[in-house]
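Report on the structure given below.
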Amino acid sequence: MFSSNDFTMPEHFGDDRWTILHGDVMHIVPHMTRAVFDAVITDPPYASGGASQTAKNRSTTEKYSSLRGDKALPDFDSDQMDQRSWTRWMCEWLQMVRAACKPGAPICLFIDWRQLPSMTDALQWAGWTWRGIAVWDKPSGRPQRGRFRQQAEFIVWGSNGKMPLERNVGCLPGVFRQANPANRIHVTEKPLQLMRDVVQICEPGGRILDPFAGSGTTILAAVQEGYEAVGIELTDAYFQLGTQRVKQALEPQSES
Ligand SMILES: C[S@@+](CC[C@H](N)C(=O)[O-])C[C@H]1O[C@@H](n2cnc3c(N)ncnc32)[C@H](O)[C@@H]1O
0 MFSSNDFTMP
10 EHFGDDRWTI
20 LHGDVMHIVP
30 HMTRAVFDAV
40 ITDPPYASGG
50 ASQTAKNRST
60 TEKYSSLRGD
70 KALPDFDSDQ
80 MDQRSWTRWM
90 CEWLQMVRAA
100 CKPGAPICLF
110 IDWRQLPSMT
120 DALQWAGWTW
130 RGIAVWDKPS
140 GRPQRGRFRQ
150 QAEFIVWGSN
160 GKMPLERNVG
170 CLPGVFRQAN
180 PANRIHVTEK
190 PLQLMRDVVQ
200 ICEPGGRILD
210 PFAGSGTTIL
220 AAVQEGYEAV
230 GIELTDAYFQ
240 LGTQRVKQAL
250 EPQSES
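At position 233 of the sequence shown (counting the first as 1) the number is 232 in numbering that gives the first Met the number 0, and the numbers step up by one without a gap.
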């Protein structure tokens, strides 16, 4: 998976079906061999959570979780960028991961309504072909008097150039209805079933990259659906939590 001689493999964990690497996407992906991934499915830091920069500068726990004190989940990195820095950063890593993808590989990026326009710009600036937006419909979205319920997040999707219709993938839905996971271990953890449905965009048995693995939901979902999966995670606490979660979930159940 890695081509350059001057690259030292970072801390990592996994088996022959999955790996999560501990480090920064910007430092790891440039060393990857070209055209080794069949899909990118990821949920990057949104750098969202408010209308003003002051609101966005709050910790991820303050922005995205109501759990406090002993129950608070660890904060994660890269979520306090201003609008222009975030868009540029998105564009840079999207260019890098495109080089590591095969021609035609699909990409799926989670995002909220606030950052949706910047994300679709970044995807296209990075050379991907933008193909559409699917919806994650969260029935638990907070009702607001006199306003629409904030009930959806979005999956911006595209491909690395042409995406032939003959790919061995059936018709996928454009709306995924799934409640937020109960007992989350990551502040912005995605539902496992949602990710099991989304990874189907990759051809059977392909190799999927999630450069923002968090608690490992995409990695676990991909392996459970028969894919090979590679994740990258920068925040120490989530590298530990994510690798343990995936390992435990995939371990054969011991006989009692
Ligand atoms: C939105 S969360 C992903 C949550 C994940 N989908 C889940 O279900 O647990 C984004 C993750 O990207 C990680 N991250 C932030 N900056 C990063 C970087 N430069 N390289 C790799 N990971 C990064 C954060 O630590 C965070 O855990």
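Just so you know, even glycine gets a beta-carbon here, dropped at the ideal spot from N, CA and C. The model shown is predicted, which means the values in this text are computed figures rather than measured ones.
Taking residue 24 as the centre and dropping the five residues before and after it, the same chain places the C-beta of 92, 95, 96, 210, 211, 231 and 233 closer than 8 angstroms to its C-beta, in chain order. Taking non-hydrogen atoms of ligand 1 into account, the C-beta of residue 24 is found less than 7 angstroms away from one of them.
Remark: the shortest separation between the CB of residue 111 and any heavy atom of ligand 1 does not fall under 7 angstroms. Inter-residue distance for residue 85 and residue 44 is about 9 angstroms (C-alpha atoms, whole angstroms). Between residue 78 and residue 46 the beta-carbon gap is near 5 angstroms, inside 8 angstroms, which marks them as a contact. For residue 229, the enclosing beta strand (DSSP E) covers residues 227-232.
Between the segment 103-113 and the segment 158-169 there are three or more C-beta pairs closer than 8 angstroms, enough to call the two in contact.
For residue 129, the closest C-alpha among the options 115, 142, 140 and 137 is that of 115. For residue 185, the shortest C-beta to heavy atom distance toward ligand 1 is below 7 angstroms. The alpha-carbon of residue 239 is positioned some 21 angstroms away from that of residue 63. For residue 33, same chain residues with a beta-carbon under 8 angstroms away, outside a window of 5 residues either side, are 2, 98 and 99 in chain order.
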